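Remarks on the structure that follows.
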Amino acid sequence: MLMCFKIKYPTRVYMLRGNHEDANTTLIYGFYDECTTRFPNDEGELLWHIFMMVFNMMPLSAIVGDRVLCMHGGISPHLNDITMLENIPRPSIVPPYGLMCDTLWSDPDDRYPGWALSARGISFTFSSKIIKEFCETNNIDLIVRGHQLTADMFKGGYKYFAGGRLVTIFSAPNYLNMKNDSCVLHISRKFKCHFTIFRPTSSGPVEMQNDKDGETQATPID
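Residue numbering for the sequence shown follows our numbering, beginning at 692 and increasing consecutively.
This is the structure we're talking about:
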């Protein structure tokens with residue numbers, strides 16, 4: 692459906708690459724099997740290859756109004772200047788380390804100072820101090836990212852970090868039957884943030900509501 696929206700509204704819909712938009716990851720986590728099961732013979736294989744070509748061309752980051760940086764994972768110890776993100780070549784296969792890898796796989800974590808190796812076995816974690824320094828250096832007010840569902844995000848589907856300089860949002864409700872909320876972040880023309888929250892129900896579908904608390908506390912870029 693997202694691909695259809697992109698085709699229909701090419702200048703209004705922008706899709707960023709995530710860590711699962713990668714050939715190796717799709718082989719491990721089921722997307723390849725999904726393609727070949729739904730489309731038998733050679734059609735599924737061909738469809739998967741087409742998707743991989745699209746994934747390899749997808750951008751890794753976006754800037755909203757010169758103030759909000761969006762990416763799937765996070766920043767990198769190799770990212771000295773935000774303009775470096777523009778120079779990542781496309782099409783590209785995700786490497787096991789380096790700037791491109793980190794934008795898809797890194798996570799915020801204040802249990803360790805500065806940069807630390809990630810427990811995921813790939814990329815790094817970064818502390819609040821690192822985020823604040825990066826934002827100040829690059830004149831960024833807020834970093835918006837996904838990639839994580841932590842226990843303290845189950846209610847609401849989002850979590851602020853580094854004093855409001857970074858927010859993690861999770862958009863899949865009831866992920867793996869964990870009964871978690873999910874959300875969509877809205878940024879107004881005046882750079883006010885608020886969230887639409889999707890709550891799983893006992894019958895399966897989700898209920899949608901606006902988070903008024905999010906409007907009052909989500910003011911790091913106002």
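The beta-carbon is built from N, C-alpha and C at its ideal position, and this holds for glycine as well. Nothing here was measured: the structure is a model prediction, and the numbers come from that model.
Where residue i falls, given that 16 or more other Cβ within 10 Å makes a residue buried
| i | result |
| --- | --- |
| proline 799 | buried |
| isoleucine 766 | buried |
| phenylalanine 696 | exposed |
| tyrosine 849 | buried |
| isoleucine 660 | This structure leaves residue 660 out entirely; the chain is present only between 692 and 913. |
| asparagine 868 | exposed |
| glycine 837 | buried |
| arginine 802 | exposed |
| histidine 634 | Here the chain comprises residues numbered 692 to 913, so residue 634 is not present and cannot be evaluated. |
| proline 864 | buried |
| valine 704 | exposed |
| tyrosine 700 | exposed |
| tyrosine 788 | exposed |
| isoleucine 784 | exposed |
| alanine 909 | Note that alanine 909 has pLDDT 37, beneath the 50 cutoff, so the model's placement of it is unreliable and no number is given. |
| glutamate 827 | exposed |
| asparagine 771 | exposed |
Enclosing beta strand (DSSP E) for residue i [first to last residue]
| i | result |
| --- | --- |
| histidine 838 | Segment: none, histidine 838 is in no beta strand (DSSP E) and carries neither H nor E. |
| leucine 693 | Not the beta strand (DSSP E): leucine 693 falls in the alpha helix (DSSP H), residues 693-699. |
| threonine 684 | The structure shown does not extend to residue 684, since the chain is modelled only from 692 to 913, so the question has no answer here. |
| valine 785 | That residue, valine 785, is in no beta strand (DSSP E); it is neither H nor E in DSSP. |
| valine 755 | 752-755 |
| leucine 876 | 873-878 |
| phenylalanine 815 | 815-817 |
| phenylalanine 852 | 849-852 |
| leucine 857 | 857-860 |
| methionine 744 | Run containing methionine 744: none in the beta strand (DSSP E); it sits in the alpha helix (DSSP H), 734-748. |
| methionine 762 | 759-762 |
| alanine 807 | 806-808 |
Cβ neighbours of residue i in the same chain (closer than 8 angstroms, five flanking residues each side left out)
| i | result |
| --- | --- |
| valine 745 | Met694 |
| aspartate 757 | Asn830 |
| proline 804 | Ser818 and Lys820 |
| aspartate 913 | Residue confidence for aspartate 913 is low, a pLDDT of 38 falling below 50, so the modelled location carries little weight; the figure read from the coordinates is stated next. Cβ within range, chain order: Lys881, Phe882 and Lys883. |
Residue range of the unbroken alpha helix (DSSP H) whose run includes residue i
| i | result |
| --- | --- |
| arginine 729 | 722-729 |
| methionine 775 | Unbroken run through methionine 775: none, as it is neither H nor E. |
| methionine 706 | Taken as a continuous stretch (DSSP letters only), methionine 706 belongs to no alpha helix (DSSP H), as it is neither H nor E. |
| leucine 770 | Counting along the chain, leucine 770 falls outside any alpha helix (DSSP H), and DSSP gives it neither H nor E. |
| leucine 790 | 790-796 |
Distance between beta carbons of residue j and residue i, contact taken as under 8 angstroms
| i | j | result |
| --- | --- | --- |
| valine 759 | isoleucine 878 | 6 angstroms |
| alanine 714 | methionine 748 | Their Cβ separation, rounded to whole angstroms, is 13 angstroms, which puts alanine 714 and methionine 748 out of contact at 8 angstroms. |
| glycine 855 | aspartate 872 | About 20 angstroms; that fails the 8 angstroms criterion. |
| leucine 808 | valine 835 | Actually they are not in contact, since the Cβ atoms of leucine 808 and valine 835 sit about 24 angstroms apart, beyond 8 angstroms. |
| histidine 739 | threonine 727 | Note on identity: in this sequence residue 739 is tryptophan, with histidine being the wrong assignment. So it is a contact: roughly 7 angstroms between Cβ atoms. |
Sequence-distant residues of its chain with Cβ nearer than 7 angstroms to residue i (five each side left out)
| i | result |
| --- | --- |
| serine 752 | Leu707, Leu760, Cys761, Met762, Leu776 and Thr794 |
| proline 768 | Trp806 and Phe815 |
| arginine 811 | Trp796 |
| valine 755 | Cys761 and Ile878 |
Residues near residue i by beta carbon distance below 6 angstroms, same chain, minus five either side
| i | result |
| --- | --- |
| isoleucine 813 | Trp796 |
| proline 782 | Asn747 and Met748 |
| serine 914 | Residue coverage of the chain in this structure runs from 692 to 913, which leaves residue 914 outside it and unanswerable. |
CB contact check: residue i to chain D, cutoff 8 angstroms
| i | result |
| --- | --- |
| arginine 758 | Judged by its chain identifiers, the structure shown contains no chain D, having just a single protein chain. |
Checklist entry - Can at least three beta-carbon pairs, one atom from the segment 774-785 and one from the segment 727-734, be found at a separation below 8 angstroms? => result Fewer than three pairs of CB atoms, one per stretch, sit closer than 8 angstroms, so the segment 774-785 makes no contact with the segment 727-734.
Item to check | Three-pair Cβ contact test at 8 angstroms for the segment 717-727 versus the segment 781-794 | outcome: With a cut-off of 8 angstroms, the segment 781-794 and the segment 717-727 do not count as touching, because too few Cβ pairs lie within range.
Next on the checklist: Is it the case that the segment 818-826 contacts the segment 841-851, given that we only count it when at least three CB pairs across the two stretches are under 8 angstroms?
Outcome noted: Cβ pair count under 8 angstroms is below three, so no.
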